[in-house]
Structures are given as C-alpha cells and as structure tokens.
Amino acid sequence: MRLAGGRLVEKTSNPYIITPLTGAVGFYGRDDIFRFVHNVLASPYQNVIVLYGQRRIGKTSLLHQLITPRHVPPGFQPVYFDLQGRAEQRLSQVLYGLAREIARRLGFPPPRREEFGDDGEYFQTRFLPQVFDRLGQRRLLLLVDEFDVIGGEPWTREAAVETLFPYLQDLIMDEHRLAFVFVVGRRIDELPSRIKATFKSAQFKRLSLLARDDAIQLITEQAKDLLEYEPPAVERILSLTAGHPYFTQLICYELFDRCQRRGNSRVSAVDVDAALEGAMELGMGGLAWFWDEFPPAERFILSAVAHVTDEGGVASQEQISRILQQHGVRLQGIELANAPDILVEWEIIRREGRENYRFVVEFLRQWIVRKHSLEGAKRELESASPRAIHLYEAARRAHREGDLSAAIEDYRRALAANPNHARAQLGLAQALYERGELAEAITEFEKAHMLDEASARDGLITARLALGKELEEERRDEEAVVQYERLLALA
Ligand SMILES: Nc1ncnc2c1ncn2[C@@H]1O[C@H](COP(=O)(O)OP(=O)(O)O)[C@@H](O)[C@H]1O
Ligand SMILES: [Mg+2]
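Everything in the sequence shown is counted per the working numbering, starting at 14 for the first residue and increasing by one.
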C-alpha cells in the first residue's frame, strides 16, 4: 500500500480503531500514567491504584496496555478482568470467572465452578495460594475494569455490585502478594460507600485528554503510509477534539473512509469539517451511551451551554441563567445548581474567568446542538428526582380518585423535590381549578405554561375565562377586562 501521486492505490482496511484497544497497536501517550503505576507498585506497601476519568477517555484501553510486555510493572504478573455484565451475578460466580481468567493467563487447568462459594473462602485459601506458588517471587496484579451500571437499581443483597468490593477489601488487607489497578468512570465521591471503603488506601490518578504531541501522533502515525495530513487539517482536528482519544479516533476513522471513497490521500482542513457529520453517525452508539450516563440535570446544563455558545465558543453565566429563566427552569431543589461545577470537574466543560463556560471538546458541543434540543433535555428534567416522580404518581392516584386535597398536597411535595416536574405543575394547577380556586390555579397554570407551553395552554385559557366570568358576575368589570386581555395575548 503506497501513495501514488496523492491517490490511494488500493483499498485497505481502516487503521483507526474505535473500539477499546486490546493491543499496543493504535495506542498513544499516557506515559505519565504508566510511570505513576510503576512507581506506586514499586513500593511493597502500596497495592491499590484507582484510575478514574470520564467515559471513553481510554480507561479500558489503558488497562489492556498494562498486560503488554512493554508496560507490565516489573515483578508482577498482570491479569485483566472485566466486571461488565457481572453486576447481578453472585460473588461465587464472579470469583470463579476471575479464577478462570487467572488460570488461563498462567496456563493452569481451568478451575471447577462448584468449588467456589459465596463466602469467597475457596478463592482465597485454596486457589490463590496455588497461584502464588506458581508465581514464585512475582506478585499478582489484577486489572479490574468497572461494572457498567449507573447505580440506583434495587440490587439483591447477593448481587456482586454489593458483595464484591467488601470482599476485595479484606483480600487487600490480607494478601500482600496481590495488587490491584481499578478503573472508575464516575466521580469518586459519588461512589457507593462500600466501594469507597475498598479504595481507602488507594493511590488515585485521573485519565485526562491526551497531550498535544500524543494526539498528533495518533492522528498522523496510524495512517502514515496511507494518508498525508496538511498541517491545518491536524490543527482543525485538535481544535475539535482537544486531544480526546475517542473523538480523535472517530473523526480520523471517518476521514480515512471518506478519502478512500474519493480516492485521495491528502487531508485538508476542509475535509475535516466535511467529515464531521459522518463521524457523528459513525459514533452514534458510543455518543448515545456517553450522553445517557449523565444525570438529567447535567444533560440540561450541557444542552444549555451547547446551545447558547457563541462563535468564540463561550457561554456566559448570564446567558445560561437567561435560558433557564426563559424555559421556566428553576435551580433550587435539584442538582441543577451543582451541575456546572460537576461538569467542570469532569472536564466536559471548562470555566473561563469566573463567568464563562466553554466546551472542552468542540465536537461534542456540535453533536449536542444537532442531536439534543433544549426542549428534549428539559423534558428529561422531570426524571431528575426519583422522589418527585414517586410523589407525582401518588398525586395522580389521589387526583383520579377525586381526592383533590390529597392530590394538591402531593403535587406540591413533588414540586418541592423537583420544581421542574412539568406534569406535577400542571396537575397542581388543574386540581386547584377543579376545587374552584381560580386565582391560585391561574398562578400555577402560568408556571406550567413556562415549563411546557403546549400542555398548559388550554388549561390556562379555561381558567382565565372562568375567572373573567366570575368577576363579571360580581360586577368587577375592570378586573374582568384584565383577564380577557391576558387571554387574548395567549391566543
Ligand atoms: N491512548 C489512546 N490512544 C489512542 N486511542 C485511544 C487511547 N485511549 C482510548 N482510545 C480510543 O478511545 C476509545 C475509548 O477508549 P476506552 O478505553 O474504551 O475508554 P473508557 O474505558 O474510558 O470508556 C477507544 O475505543 C479508542 O478508540
Ligand atoms: Mg471502559
């Protein structure tokens, strides 16, 4: 495969990789992380490392590197073990899976499932000693990839999400020939306490964006005999991805395909922009997954920042407040107020000066603008508080059964838990109207109208009409006229 006069001479497979990297090919940078891991593990008193960072930043890929000869910490036998899909398994099953993986790496015969119990006894007192015997002077290094759950689900007490980390905590205390590297895609202080406890003696390190030179290598090296990047093209990719490895691979993957389709091998900045739409399609699954893991409050803020960002890429605090106001979204009560700080901490957005926010990855901003309207993100705010959802359902039940007082009370409590629950707001207005409290109903219909115009409009009109009539009957004509005028404004 060669370049011939700027044209690709034959079809070849795409050298960019958009699935987790399991080998050394396609992996760039992270020297600081490897040094950190090696340094920590060089001490006999340190046996737990936690690497954390946002989704798709390269945690799984990094764990796989620690098995390659180049990066194995000296004196260790590494074994990679993935907890994905295992949240609901019993402890015995997870330990059996782990033992099988260890046996496979060490060339042992596979262990027998029935030996492993939920007390973890067999694993610790029978299986591990055999492993240590075989390893001689070397220690066992378990590279543990995360559970793929967001939490909040009602797990049974036997589920591995509940039992595994407390078990490992004891193991860490007892077994000095065992060391761990865990990866975590959540904020450490959001982790359930049973997991945090396991990490209390750990050394932490964040996986962040790739350094500029490493990102340039990623772009240019992987396809070095196949594509020639004009310098502005490289700069354009960097300005879109800020060195985020996944988004960089995604854009380059699409660029490569595009060049191959068109039979050229020189990449210009114009080509990069032309490839964005395709890259977004290509990354649909990964991007959706990325989005879904944010709680609704964070999604709304992301969406707000993405939509109000100006050409300079900056969204001011004031613009964000204005958009919240326009949409009738209220900050108190739910996590919305903290969401910008959390997103900054996650390196999704960055604070500039005290008043401005900017997306770290411009590509992500453009994707959000295209795929996630503010209206959509606003609807999702209803689910920001599980307590509010619960109370809203209770209110609906009471409302259906005709118990207006109970309904009103529960709607109010739902709104206290989440003032952005549009349907609770509408329900409250409706119930007040049914109880004949017109003025109050109108106030609440107005709030509902701010949150969701379409669904509250008819109710608001009906209530104003009724109040107007009532005032007329009481011969308070001027006040009635005010109501009718406001009515006209809605039409
Ligand atoms: N160091 C790296 N060099 C090149 N590409 C990388 C690197 N780290 C991650 N990637 C790319 O990013 C994608 C996501 O990485 P992954 O390891 O699955 O992230 P995480 O486990 O943090 O969600 C990979 O599929 C790969 O395309
Ligand atoms: Mg991963």
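For glycine and all other residues, C-beta sits at the position ideal for the given N, C-alpha and C.
Sequence-distant residues of the same chain with beta carbon closer than 7 angstroms to residue i, five excluded per side
{"i": "residue 59", "result": "53, 216"}
{"i": "residue 474", "result": "500, 503"}
{"i": "residue 126", "result": "109"}
{"i": "residue 51", "result": "86"}
{"i": "residue 417", "result": "444, 447, 448"}
{"i": "residue 493", "result": "481, 484, 485"}
Option nearest residue i by Cα separation, candidates the options
{"i": "residue 478", "options": "488, 499, 55", "result": "499"}
{"i": "residue 156", "options": "114, 227, 255", "result": "114"}
{"i": "residue 184", "options": "148, 140, 354, 170", "result": "140"}
{"i": "residue 74", "options": "197, 421, 125, 145", "result": "197"}
{"i": "residue 186", "options": "228, 214, 177", "result": "214"}
{"i": "residue 329", "options": "366, 296, 109", "result": "366"}
{"i": "residue 192", "options": "209, 47, 28, 56", "result": "56"}
{"i": "residue 469", "options": "50, 323, 440", "result": "440"}
{"i": "residue 96", "options": "175, 307, 407, 206", "result": "175"}
{"i": "residue 121", "options": "220, 137, 148", "result": "148"}
{"i": "residue 236", "options": "177, 30, 491, 350", "result": "30"}
{"i": "residue 327", "options": "160, 72, 421, 364", "result": "364"}
{"i": "residue 221", "options": "259, 406, 123, 202", "result": "259"}
{"i": "residue 357", "options": "453, 274, 67", "result": "67"}
{"i": "residue 87", "options": "118, 124, 151, 111", "result": "151"}
{"i": "residue 288", "options": "142, 490, 257, 249", "result": "249"}
{"i": "residue 77", "options": "92, 69, 461", "result": "92"}
{"i": "residue 442", "options": "426, 421, 430, 429", "result": "421"}
{"i": "residue 425", "options": "463, 408, 244, 154", "result": "408"}
{"i": "residue 376", "options": "300, 89, 351", "result": "300"}
Neighbourhood of residue i by C-beta, 8 angstroms cutoff - its chain only, sequence neighbours within 5 removed
{"i": "residue 284", "result": "246, 268, 271, 272"}
{"i": "residue 393", "result": "309, 312, 313"}
{"i": "residue 359", "result": "67, 200"}
{"i": "residue 168", "result": "100, 101, 174, 175"}
Where the alpha helix (DSSP H) through residue i begins and ends
{"i": "residue 53", "result": "44-55"}
{"i": "residue 178", "result": "173-187"}
{"i": "residue 145", "result": "141-148"}
{"i": "residue 193", "result": "Per DSSP, residue 193 belongs to no alpha helix (DSSP H); it is in the beta strand (DSSP E), 191-197."}
{"i": "residue 455", "result": "451-464"}
{"i": "residue 249", "result": "244-254"}
{"i": "residue 495", "result": "490-503"}
{"i": "residue 62", "result": "Element bounds for residue 62: not the alpha helix (DSSP H) but the beta strand (DSSP E), 61-65."}
{"i": "residue 109", "result": "104-119"}
{"i": "residue 445", "result": "435-447"}
{"i": "residue 77", "result": "72-78"}
Beta-carbon proximity list for residue i, same chain, < 6 angstroms, skipping 5 on both sides
{"i": "residue 145", "result": "190"}
{"i": "residue 319", "result": "378, 381, 382"}
{"i": "residue 387", "result": "316, 320"}
{"i": "residue 195", "result": "63, 157"}
{"i": "residue 101", "result": "172"}
{"i": "residue 211", "result": "178, 181, 182"}
{"i": "residue 419", "result": "411"}
{"i": "residue 332", "result": "321"}
{"i": "residue 353", "result": "314"}
{"i": "residue 13", "result": "Residue 13 is absent from the model: the chain starts at 14 and stops at 504."}
{"i": "residue 372", "result": "362, 378"}
Residue i, enclosing beta strand (DSSP E) - first and last residue
{"i": "residue 323", "result": "Counting along the chain, residue 323 falls outside any beta strand (DSSP E), and DSSP gives it neither H nor E."}
{"i": "residue 91", "result": "89-95"}
{"i": "residue 41", "result": "Taken as a continuous stretch (DSSP letters only), residue 41 belongs to no beta strand (DSSP E), as it is neither H nor E."}
{"i": "residue 152", "result": "152-158"}
Item to check | Segments of 3+ residues assigned as beta strand (DSSP E) that fall wholly inside the segment 265-317 | outcome: none
Item to check | Any alpha helix (DSSP H) of 4 or more consecutive residues that is wholly inside the segment 334-420 | outcome: 352-358, 375-384, 387-393, 399-413
Checklist entry - Counting pairs of beta carbons, one from the segment 287-296 and one from the segment 251-265, are three or more of them closer than 8 angstroms? => result yes
Checklist entry - Hey, which unbroken runs of the alpha helix (DSSP H) at 4 residues or more fall wholly within the segment 201-233? => result 206-211
Checklist entry - Are the segment 322-339 and the segment 39-48 touching by the rule of at least three beta carbon pairs closer than 8 angstroms? => result no
Checklist entry - Can at least three beta-carbon pairs, one atom from the segment 432-452 and one from the segment 393-410, be found at a separation below 8 angstroms? => result yes
Next on the checklist: Quick check: the segment 123-142 against the segment 96-108, are at least 3 beta-carbon pairs closer than 8 angstroms?
Outcome noted: yes
Item to check | the segment 25-44 in contact with the segment 216-233 per 3-pair CB rule at 8 angstroms | outcome: yes
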